[in-house]
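Here's the structure, in structure tokens; my notes come after.
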Amino acid sequence: MTRQWLAYAVAQQFFGCFVTSTCWLDIWLVSSLARSITSMFVERFFGFSENLYQINKILNCVSDYETRWGMIVLRPSNTTYKQYLHFDPRNPYTCSPLYADALFKKGHLVMRMLNQRLGKEPFLQVKLNALFYLLTIFLMKDLLSIIAKIIYKS
């Protein structure tokens, strides 16, 4: 369990640095990406059965929450979801911790569904291509500014 928590912490830190959410409504994305990478780690080092067992636990937790308290909306765009909630999930100060935990778990299930639908290679390529694209943009801006300083100020 310790190795799994460490893998999740490293993945959370990695995606927290490269995927910055602009508001509270997008915070589930970072946690979901980190959980999907952790799930791949669990499958690789602890086996497929352990990964399926943990996915089953997550699925049961999300379905129990939705059965008891109502549907979880990953990105609420209108106010019709507030009919069955006693809090506003769009604000981090009023959001229930149980709701936030179930939200992150449901996001992980959505990422797993995308992984299953797209396949492992294209799913990872999308992540890595986006990462390489961001790195290229960042490095090109730095290189252009360094080259401009060398050419024009030396």
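If you're matching positions, the sequence shown starts at 1 in UniProt numbering and goes up one per residue.
C-beta: ideal position from N, C-alpha, C; glycine also.
All of these numbers come straight from a predicted model, not from anything done at the bench.
Counting C-beta atoms within 10 angstroms of its own C-beta, residue 36 has 16 or more neighbours from the protein chains shown and is therefore classed as buried. Cβ neighbours of residue 112 within its own chain (closer than 8 Å, five residues either side excluded): 36, 39 and 55.
Contact between the segment 13–31 and the segment 43–51 is not established, with fewer than three Cβ pairs separated by less than 8 Å. When only Cα atoms are considered, residue 16 and residue 27 end up about 9 Å apart. Rounded to the nearest whole angstrom, the CA to CA distance from residue 69 to residue 110 is 20 Å. Taken in chain order, no unbroken stretch of beta strand (DSSP E) lies wholly in the segment 38–117 with a span of 3 residues or more. With a cutoff of 7 Å on beta-carbon distance, residue 108 and residue 49 are scored as not near each other. Annotation: residue 119 is outside any alpha helix (DSSP H) and is labelled neither H nor E by DSSP. Counting other Cβ atoms within 10 Å of its Cβ, residue 102 reaches 16 or more and is therefore classed as buried. For residue 23, the three-state secondary structure derived from DSSP is coil.
Beyond the five residues adjoining it in sequence on each side, residue 12 comes within less than 8 Å, by CB distance, of 30, 31 and 34 in the same chain, given in chain order. Around the CB of residue 9, fewer than 16 other CB atoms lie within 10 Å, so the residue is classed as exposed. Excluding five sequence positions before and after residue 105, the CB atoms of its chain that fall closer than 8 Å to its own CB belong to 35, 58, 61 and 62, given in chain order.
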